[in-house]
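Student: In the working numbering, the protein residues as written are 318 to 868. We put the beta carbon where it would ideally sit given N, CA and C, even for glycine. A quick note: this is a predicted structure, and the numbers were derived from the prediction, not measured.
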Amino acid sequence: MKRLKNILVTVIPLVILFFIADYILLVPLNVKFEEGFNLFFGLAIIVCIAYFYEDVRYIFQDAVKGKPIHFPGKKVKGCVILLLLIYLGYQVSSLPLFLSQQYRNLIGDIETKEFEQEIPEMDLKKIPTVDEAYARRLGDKKLGEDVGLGSQVYVGDYTLISIKDSLYWVAPLEHIDIIKWFTNREGTPGYIMVSATDAQDVRLVQEDSKGNPINLKYLPSAYFNQDIRRKVYFEGNMFSGLTDYSFELDDSGRPYWVVTTYTKKVGIHGGSDATGVVVVDAQTGETNKYSVEDAPKWIDRIQPQSFVINQINDWGWYKNGFMNTLFAKKDIIQTTPGTNYMFIDGEWYFYTGMTSSGSDESTVGFMLSNTRTKETTFYKIAGATETAAMKSAEGKVQHLGYEASFPVLLNIENEPTYFTTLKDNQGLVKQYAFVNVKDYSKVGTGETLDEARTNYAKLVFGTQGSLLDSSLGEHKTIEATIERIGTSQTDGNTYYTILLKEHPELLLMGSGTISAELPISYEGDPVKIEYIDGKNKTKTIVTFDNLKFNQ
318 MKRLKNILVT VIPLVILFFI ADYILLVPLN VKFEEGFNLF FGLAIIVCIA YFYEDVRYIF
378 QDAVKGKPIH FPGKKVKGCV ILLLLIYLGY QVSSLPLFLS QQYRNLIGDI ETKEFEQEIP
438 EMDLKKIPTV DEAYARRLGD KKLGEDVGLG SQVYVGDYTL ISIKDSLYWV APLEHIDIIK
498 WFTNREGTPG YIMVSATDAQ DVRLVQEDSK GNPINLKYLP SAYFNQDIRR KVYFEGNMFS
558 GLTDYSFELD DSGRPYWVVT TYTKKVGIHG GSDATGVVVV DAQTGETNKY SVEDAPKWID
618 RIQPQSFVIN QINDWGWYKN GFMNTLFAKK DIIQTTPGTN YMFIDGEWYF YTGMTSSGSD
678 ESTVGFMLSN TRTKETTFYK IAGATETAAM KSAEGKVQHL GYEASFPVLL NIENEPTYFT
738 TLKDNQGLVK QYAFVNVKDY SKVGTGETLD EARTNYAKLV FGTQGSLLDS SLGEHKTIEA
798 TIERIGTSQT DGNTYYTILL KEHPELLLMG SGTISAELPI SYEGDPVKIE YIDGKNKTKT
858 IVTFDNLKFN Q
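#1: How is Y317 classed by DSSP in three states: helix, strand or coil?
#2: In the DSSP assignment, the alpha helix (DSSP H) including I366 goes from what residue to what residue?
#3: Threshold first: 3 residues or longer. Then list the beta strand (DSSP E) segments lying entirely within the segment 609 to 640, N to C.
#4: On the criterion of 16 or more Cβ atoms from any shown chain inside 10 Å, does S674 qualify as buried, or is it exposed?
#5: Count the other CB atoms, across all protein chains shown, that sit within 10 Å of the CB of I403; report buried if there are 16 or more and exposed otherwise.
#6: Taking C-alpha atoms, which residue in T693, Q743, E610 and W615 lies nearest to L566?
#7: Entirely within the segment 526 to 583 and at least 4 residues each: give me those alpha helix (DSSP H) ranges in chain order.
#8: If you follow the alpha helix (DSSP H) that N753 is in, where does it begin and where does it stop?
#9: Rounded to whole angstroms, how far is the Cβ of I509 from the Cβ of V464, which I believe are closer than 8 Å?
#10: Do the segment 422 to 439 and the segment 719 to 732 make contact, defined as three or more Cβ pairs closer than 8 Å?
#11: For D426, does the count of other Cβ atoms within 10 angstroms reach 16, so buried, or fall short, so exposed?
#12: Count Cβ pairs between the segment 650 to 669 and the segment 620 to 629 that sit closer than 8 Å; are there 3 or more?
#13: Should T578 go down as buried or exposed, given a rule of 16 or more other Cβ atoms within 10 Å for buried?
#14: Taking only three categories from DSSP, how would you classify A774?
#15: Between which two residues does the alpha helix (DSSP H) carrying S417 extend?
#16: Using C-beta distances below 8 Å, list every residue in its chain close to V754, excluding the 5 sequence neighbours before and after it, in chain order.
#17: Which class does S828 belong to by DSSP, given the choice of helix, strand or coil?
#18: E491 to D850, Cα distance in whole Å?
#19: Label A591 either buried or exposed according to how many other C-beta atoms from any shown protein chain fall within 10 Å of its C-beta, with 16 as the threshold for buried.
#20: Please state the DSSP three-state secondary structure of M439.
#21: Could you pull out every unbroken beta strand (DSSP E) segment of at least 3 residues lying fully inside the segment 646 to 730, listed in chain order?
#22: Could you spell out where the beta strand (DSSP E) holding E428 opens and where it closes?
#23: Mark P654 as exposed unless 16 or more other C-beta atoms lie within 10 angstroms of its C-beta, in which case mark it buried.
#24: For the segment 472 to 518, list the beta strand (DSSP E) runs that are entirely contained and at least 3 residues long, ordered along the chain.
#25: Would you say S758 and T737 are within 8 Å of each other, going by their C-beta atoms?
#26: Quick one: Cα of P537 to Cα of K442, how far?
#27: When you compare only the Cα positions, how much space is there between L346 and S589?
#28: Assuming Y475 and A452 make a contact with CB atoms under 8 Å, what is their CB distance in whole Å?
#29: For M555, which residues of its own chain have a beta-carbon under 6 Å away from its beta-carbon, when the five flanking residues on both sides are left out?
#30: Write down the C-beta distance between V487 and I495 rounded to the nearest angstrom, noting that I regard them as a contact closer than 8 Å.
#31: Under the three-state reduction of DSSP, which class applies to L336: helix, strand or coil?
#32: Near L766, what residues of its chain come up, given a Cβ to Cβ distance below 8 Å and the 5 sequence neighbours on each side ignored?
#33: For the candidate residues K349, I480 and H792, whose alpha-carbon lies nearest to that of D662?
#34: Just the C-alpha distance for I629 and K845, rounded to the nearest angstrom, thanks.
#35: Checking 8 Å against the spacing of the C-beta atoms, do K856 and L825 come in under that value?
#36: For I846, which beta-bridge partners are listed by DSSP?
What follows is the structure, given as structure tokens:
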């Protein structure tokens, strides 16, 4: 009876504390998650102490008096042993030592494909030149233009999204503190949009497409039930894992929170894997839950980046079992430091390079994983890591002291190429750089994309007679007379620049390998030239025919 009284005296306040802690900590109430297990295990310890209160009191008395500690009664010993076994069993239940193949298979089937056939060439106008750090700088500057608003809110975390094939960084306006939240319970007035391809396109959006004011009520900076994490948790998701709170816009520009739900698939608590999303209207709080397959098309990211990278590493690490990782380390590959995004044919992908275990500056290929479905493809390409490419780009402008951003992988005329921006010490983009993956000593830089692209093409394609991709402009053919012709040398290759008498607005350039007639042509010669009419000031010669020669 006394033991039962001890339990009741302990459990009733414990239940009250449990609900308070649950409201504050938002712990998933599921032993598949370590937080949930620790909570329940702690409760079990407290109940056992309450039940064996008298016995436990003697143990502490012995400890204080310096007497030898002994466990009075077999029930106490049994309870302690049982709790220890449960704890140890839980910890070892998901160790890779026993379940390495389950960890390896969590990413699913990975198909190997050819880079040139699968990765389309990208228009210069669609290359993301604004990274997250630069977007934040631009967004803060935009908010600072409104002095009154800037004293009440700040710009939250950015998410990279696509709207009708245009790429944007978007971030909500957040409350500065609890006082500002309390005085503005209707929400913050809008969000920031920064174009990922045009640093001049920065918007503070405060009205929807119908002209109605935007008020973001559910935010990470809000309190109590307007806290987006608490809102999602108490909408029937107390037993699920919740992560990756992403601020996204639908195709009409309406703001939502997209939250990934996940579970554990290896052992009891190993192998985090996404199961779907919870979508919350940031203004009204309307909430809907979807599986991965049924999620609305406008949602760009369902899979958390950290989950995908961990699963790719497990795939490369445990190919030959767990013991191989300790000793032989045969055929082990792993992701390179840093990841990025690629937008291909309307779909988003996580990008990461892959390198052999112990390798510092070389890759064996790279992975692309769909941000919605997790469908993953491996492309075998030997070359430089992203870090090595960044150092090479910085070395090209070392006299200016610029720093390279983490690169984006592009297909430039079937050549895998890193693209990076070069920033000054204020974080402003000053130049652009293209770095060849296979030979990272070939770096093309310039103050404009066109200039950097042209300089890169001279280095990589000069000996092949190709300077720019045909998709970057229309092919045109013209017959005219040479007015002036000059030569220049780049890395041992000779390039010819031509002005035509009948078309003085054209500045044409081509490699000497295009035609044997080009090096022996002079002013006054009639010529027939095919060129690419791209955005570049200098047009690229594709074919050259001196009409003076009959050969």
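Tutor: A quick look at the data gives this:
#1: The structure shown does not extend to residue 317, since the chain is modelled only from 318 through 868, so no value can be given for it.
#2: E351 to Y368
#3: none
#4: exposed
#5: exposed
#6: W615
#7: 545 to 550
#8: Not the alpha helix (DSSP H): N753 falls in the beta strand (DSSP E), residues V746 to N753.
#9: Not quite, the Cβ-Cβ distance comes to about 16 Å (not below 8 Å), so this is no contact.
#10: yes
#11: exposed
#12: yes
#13: buried
#14: helix
#15: P413 to N422
#16: T680, I698, G700, A701, A706, L726, E732, P733, T734 and Y735
#17: strand
#18: 47 Å
#19: buried
#20: coil
#21: 650 to 652, 657 to 661, 664 to 673, 679 to 687, 693 to 701 and 725 to 729
#22: I427 to K430
#23: exposed
#24: 476 to 480, 483 to 492 and 508 to 512
#25: no
#26: 34 Å
#27: 16 Å
#28: 6 Å
#29: L346
#30: Contact doesn't hold; Cβ gap of about 25 Å is too wide.
#31: Contrary to the premise, residue 336 reads as Phe rather than Leu in this sequence. Helix.
#32: L441, I444, T446 and Y749
#33: I480
#34: 53 Å
#35: yes
#36: I795 and F861
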